[in-house]
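S.K.:
Numbering (the UniProt record's numbering), first residue to last: 1 to 253.
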């Protein structure tokens with residue numbers, strides 16, 4: 001889902017920079033957000049306000065521990081240390097729970113078990129790739145609200161136990177949890193998910209294929225070269241993206 005013809009070029013050139021120059025990247029794309037609005041929130045005509053609301057809830061969950069006291073605190077640096085086994089593989093899939101249609105909200109009693117089940121569900125992921133097609137290198141989940149630490153630990157253990165094939169076996173304790181006592185406004189409890197999964201390469205592969213299709217014909221290239229860019233930069237960005245896909249593939253197998 002894109003409004004921009006040049007998106008494959010722009011995305012590939014961006015990833016080229018993000019691979020080298022950022023510590024952690026949260027990948028959120030419109031396609032996944034629209035899917036959540038249509039399928040889960042049952043909105044017939046979602047607009048950018050709806051999409052931005054999902055993004056703001058998720059990113060607010062990610063930064064909760066910086067802003068509030070909690071039982072187990074984790075800042076972004078600690079998150080990076082626990083989430084990134086290899087420096088180039090720092091592209092995370094975020095997710096959020098609870099997500100359900102507004103008219104059913106009144107009938108839902110939230111439990112830690114339900115939050116955990118929802119937050120690991122592919123339908124709640126904010127990047128358009130399916131974690132079941134890859135394996136998790138690492139995962140972090142931030143819970144908000146008053147809940148017992150032991151129940152959180154039990155639920156996280158159960159998830160890993162039942163879905164062990166989706167986690168790489170060479171990082172033994174690869175799920176990190178943080179709990180913050182203060183829930184978001186309007187909810188009793190919530191959970192924010194961050195996954196470093198090899199499935200993210202689905203997304204990069206899609207972009208790469210679209211990029212190659214256009215770049216082979218040098219379509220639209222004059223707009224970039226006219227601004228002082230060099231064709232070589234495109235070739236480098238393309239091979240960097242393909243290298244990234246191969247690295248994720250290597251750690252999935």
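Cβ coordinates follow ideal geometry from the N, Cα and C atoms, glycine included.
State buried or exposed for residue 276, treating a residue as buried only when at least 16 other CB atoms are found within 10 Å of its CB.
M.R.: Past the edges of the chain, shown from 1 to 253, lies residue 276, and the structure says nothing about it.
S.K.: Identify, in the order they occur along the chain, each residue of the same chain with its Cβ nearer than 6 Å to the Cβ of residue 24, setting aside the five sequence neighbours on each side.
M.R.: So the qualifying residues of the chain are 80 and 90.
S.K.: Is it buried or exposed for residue 144, if we count other Cβ within 10 angstroms and need 16 for buried?
M.R.: Under this definition residue 144 is a buried residue.
S.K.: Excluding the 5 residues preceding and the 5 following residue 86 in the sequence, name in chain order all residues of the same chain whose CB lies nearer than 8 Å to its CB.
M.R.: Excluding residues within five positions, the ones whose Cβ falls inside 8 Å are 247 and 251.
S.K.: Since residue 97 sits in a beta bridge, which residues does DSSP pair it with?
M.R.: Beta-bridge pairing links residue 97 to 191.
S.K.: Check each candidate in 135, 153 and 146 and name the one with the smallest Cα separation from residue 169.
M.R.: The shortest C-alpha separation from residue 169 is found at 135.
S.K.: Pairing CB atoms from the region 125-140 with CB atoms from the region 184-199, are three or more of them under 8 Å?
M.R.: Yes, the region 125-140 is in contact with the region 184-199.
S.K.: I'd like the list of long-range same chain contacts for residue 188, defined as Cβ closer than 7 Å, with 5 residues on each side in sequence excluded.
M.R.: Answer for residue 188: 110 and 145, listed in chain order.
S.K.: Could you work out which residue in 16, 216 and 96 is closest to residue 264 when comparing CA atoms only?
M.R.: One cannot answer for residue 264 here, as it falls past the ends of the chain, which runs 1 to 253.
S.K.: Tell me the rounded alpha-carbon separation between residue 172 and residue 78.
M.R.: About 18 Å.
S.K.: Taking one C-beta from the region 56-69 and one from the region 178-185 each time, how about it: are there three or more such pairs within less than 8 Å?
M.R.: These segments touch.
S.K.: Taking the CB atoms as reference points, tell me whether residue 119 and residue 191 lie closer together than 9 Å.
M.R.: Their beta carbons are under 9 Å apart, which means residue 119 touches residue 191 by this criterion.
S.K.: Taking the beta strand (DSSP E) that residue 176 falls in, what are its first and last residues?
M.R.: That run of the beta strand (DSSP E) goes 175-180.
S.K.: Between residue 96 and the ligand NAD, is the CB less than 8 Å from at least one heavy atom?
M.R.: Inclusion of the ligand NAD in the displayed structure is not the case, the ligand content being empty and no account of it being possible.
S.K.: Helix, strand or coil: how does DSSP classify residue 138 here?
M.R.: In this structure, residue 138 counts as strand in the three-state DSSP scheme.
S.K.: Between residue 234 and residue 204, is the Cβ-Cβ spacing less than 9 Å?
M.R.: Their beta carbons are not under 9 Å apart, which means residue 234 does not touch residue 204 by this criterion.
S.K.: Per DSSP, what kind of secondary structure is residue 50 in: helix, strand or coil?
M.R.: Three-state result, residue 50: helix.
S.K.: Rounded to the nearest angstrom, what separates residue 154 and residue 26 at their Cα positions?
M.R.: Whole-angstrom Cα-Cα distance: 27 Å.
S.K.: Give every residue of the same chain whose Cβ lies closer than 8 Å to the Cβ of residue 22, excluding the five residues on either side of it in the sequence, and list them in chain order.
M.R.: Closer than 8 Å at the Cβ level, and outside the excluded window around residue 22, lie 90.
S.K.: What do you get for residue 42, buried or exposed, if any count of 16 or more other CB atoms within 10 angstroms of its CB means buried?
M.R.: Classification for residue 42: exposed.
S.K.: So, with DSSP's three-state summary, where would you put residue 68?
M.R.: Of the three classes helix, strand and coil, the one that applies to residue 68 here is coil, per DSSP.
S.K.: Report yes or no: do the region 14-21 and the region 50-62 share at least 3 C-beta pairs separated by less than 8 Å?
M.R.: They do not touch, by the three-pair rule.
S.K.: Excluding the five sequence neighbours on either side, which residues of its own chain have a C-beta within less than 7 Å of the C-beta of residue 240, listed in chain order?
M.R.: Cβ neighbours of residue 240 beyond the five flanking positions: 16 and 19.
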